[in-house]
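Numbering (this note's numbering), first residue to last: 13 to 202.
For every residue, glycine included, the Cβ atom is placed at its ideal position computed from N, Cα and C.
These figures come from a predicted structure and were not determined experimentally.
First comes the structure, then the notes that go with it.
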Amino acid sequence: MTGLRLHPDTRWVQVDLAAPPRDWAADTVRARWAAQRLDPDPRRAEVITAGVARVVASLDLAGLGAALLFYPAANQPVVTVVCLRAFSARPEFTLDALGAELSMPEEVLERPCQRSVVETPAGPAMRLVQRYREPLDAGVDEIREHIAYGWLVADHDHTTVEIASTTFVDLVAAGVWITAIDTLARSATL
13 MTGLRLHPDT RWVQVDLAAP PRDWAADTVR ARWAAQRLDP DPRRAEVITA GVARVVASLD
73 LAGLGAALLF YPAANQPVVT VVCLRAFSAR PEFTLDALGA ELSMPEEVLE RPCQRSVVET
133 PAGPAMRLVQ RYREPLDAGV DEIREHIAYG WLVADHDHTT VEIASTTFVD LVAAGVWITA
193 IDTLARSATL
């Protein structure tokens, strides 16, 4: 990573990618319950811990620079996870080219890709919202919504692409919480 930093509010938790997922999840859930002054409910806490551990264990660590869980209510499941990745690009690479690179093929989209350039403290970012079909079984698709932000960070003759992205399986949650994703991405600094 080149130094892109997101500045999350208290609803977010940065994942310790080096820790064992189950141990980290148990510690995180316990700390969140204490911080939110919730009455102990060991059964509910165990269910939440198992869910957090499953989410963290499922992260593809290849090229993953950081991950943030959106976990606003300690006694409720994690809403989503935002992953940050970086890769090198040609110096002449543009935000429009990044938008094209990150866009899914039209045949899998449920509606046209929404692309826009937004200003952040880290500079302009390409914002994409894509609702797409994910095949589960023969003839059965799941509709998901993918939200991604991409920045081009130039350093002399080198350009790094920084991506912050998440995917919602629950489209209602996507509609409710997209503003939180946007707020997080718009907090980016270098």
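Assigned secondary structure, residue i (DSSP; H/G/I helix, E/B strand, else coil)
i: V90; result: coil
i: A192; result: helix
i: G187; result: helix
i: L81; result: strand
i: L76; result: strand
i: L114; result: helix
i: R56; result: helix
i: G135; result: strand
Contact set for residue i: own chain, Cβ-Cβ below 7 Å, skip 5 residues either direction
i: A134; result: L16, W163, A200, T201 and L202
i: I155; result: E122, R143, R145 and L183
i: I190; result: I159
i: D153; result: R145, E146 and P147
Cutoff 6 Å; reference residue i; Cβ partners in own chain excluding five residues on either side
i: R198; result: T132
i: M13; result: For M13, the predicted structure reports a pLDDT of 47, less than 50, and the residue's modelled location is therefore unreliable. The matter cannot be settled from this model.
i: V141; result: Q126 and I159
i: T171; result: A101, P103, F105 and L164
i: D169; result: P103
Where the beta strand (DSSP E) through residue i begins and ends
i: E131; result: Q126 to T132
i: A166; result: V152 to D167
i: T201; result: From DSSP, T201 is part of no beta strand (DSSP E); its letter is neither H nor E.
i: E104; result: Looking at the DSSP string, E104 is not in any beta strand (DSSP E), and its letter there is neither H nor E.
i: E119; result: No beta strand (DSSP E) contains E119, which DSSP labels as neither H nor E.
Whether residue i touches residue j by CB criterion (8 Å)
i: G75; j: R97; result: yes
i: T178; j: V120; result: no
i: A65; j: A37; result: yes
i: V90; j: V59; result: no
Residue(s) in a DSSP beta bridge with residue i
i: E146; result: E154
i: V141; result: Q126 and I159
i: V173; result: F99 and L164
i: V25; result: L81
i: T178; result: I159
Boundaries (first-last residue) of the alpha helix (DSSP H) holding residue i
i: V41; result: P33 to A47
Residues near residue i in its chain [Cβ-Cβ closer than 8 Å; skip 5 each side]
i: L50; result: A86 and N87
i: R44; result: V25, Y83 and A86
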